[in-house]
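Engineer: Numbering (this note's numbering), first residue to last: 9 to 114. Where is the CB? At the ideal position from N, CA and C, for every residue including glycine.
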Ligand SMILES: [Zn+2]
Ligand SMILES: [Zn+2]
Ligand SMILES: [Zn+2]
């Protein structure tokens, strides 16, 4: 069962809309990769953790990780480990993207 953390209602990263100069957002393929672990953070699942706030999907490889409001912040961790620069919200009804390199939302 997925537990939602109350403190992280629907916090989105505060940033300007995509501006020119972000090659990462500009170069994401039109078709997102399929989620490797749909609806679950891959590392949390491996840890037996089921407490995360929101999920983010890596647009380079389809890795699903938990957001910065979650205890483990595996989405950011995935960027730091792999350098995959762009993720998209994996939450129902949300489709915004985020470039970790430029801290830019699209
Ligand atoms: Zn960028
Ligand atoms: Zn996680
Ligand atoms: Zn990735």
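Please return the same chain residues whose Cβ sits closer than 6 Å to the Cβ of residue 110, not counting the five positions on each side in sequence.
Structural biologist: Taking the chain shown and counting its residues from 1, one reaches residue 110 at position 102. Excluding residues within five positions, the ones whose Cβ falls inside 6 Å are 30.
Engineer: For residue 55, which of helix, strand or coil comes out of DSSP?
Structural biologist: Residue numbering aside, residue 55 sits at position 47 when the chain shown is read from its first letter. In the structure shown, residue 55 sits in a helix (DSSP, three-state: H, G or I).
Engineer: Roughly how many angstroms lie between the CA atoms of residue 71 and residue 44, to the nearest whole one?
Structural biologist: Counting from one through the chain shown, the residue named residue 71 turns up at place 63. Counting from one through the chain shown, the residue named residue 44 turns up at place 36. Distance between the alpha carbons of residue 71 and residue 44 is about 6 Å.
Engineer: Only counting the same chain, and skipping five residues up and downstream in sequence, which positions put a Cβ closer than 6 Å to that of residue 82?
Structural biologist: Position 74 of the chain shown, counted from the start, is the residue given in the question as residue 82. Here the set comprises 49, 51, 73 and 74.
Engineer: On a CA-only basis, which of 40, 106, 79 and 69 is nearest residue 95? Give me that one, please.
Structural biologist: For the purposes of this step, residue 95 is taken as residue 87 along the chain shown, with counting starting at 1. The shortest C-alpha separation from residue 95 is found at 106.
Engineer: My output table needs one value for residue 33: the three-state DSSP class, helix, strand or coil.
Structural biologist: Reading the chain shown from its first residue, position 25 is the one you call residue 33. Helix at residue 33.
Engineer: For the beta strand (DSSP E) containing residue 106, list its first residue and its last residue.
Structural biologist: Sequence index remark: in the chain shown, residue 106 carries index 98 (1-based). Where residue 106 is concerned, the enclosing beta strand (DSSP E) stretches over 105-107.
Engineer: Specify, as a first and last residue, the run of the alpha helix (DSSP H) that residue 102 falls within.
Structural biologist: As a first step, residue 102 must be located in the chain shown, where it is residue number 94. It is not in any alpha helix (DSSP H) - residue 102 carries neither H nor E in the DSSP assignment.
Engineer: Just to confirm before moving on: does the CB-CB distance between residue 59 and residue 79 stay below 8 Å?
Structural biologist: Walking along the chain shown from the start, residue 59 turns up at place 51. Walking along the chain shown from the start, residue 79 turns up at place 71. Closer than 8 Å, so yes.
Engineer: Any residue with its C-beta under 6 Å from a non-hydrogen atom of ligand 3 counts. Can you list them all in chain order?
Structural biologist: Taking each Cβ in turn, the ones that pass are 66, 68, 69, 71, 86, 90 and 92.
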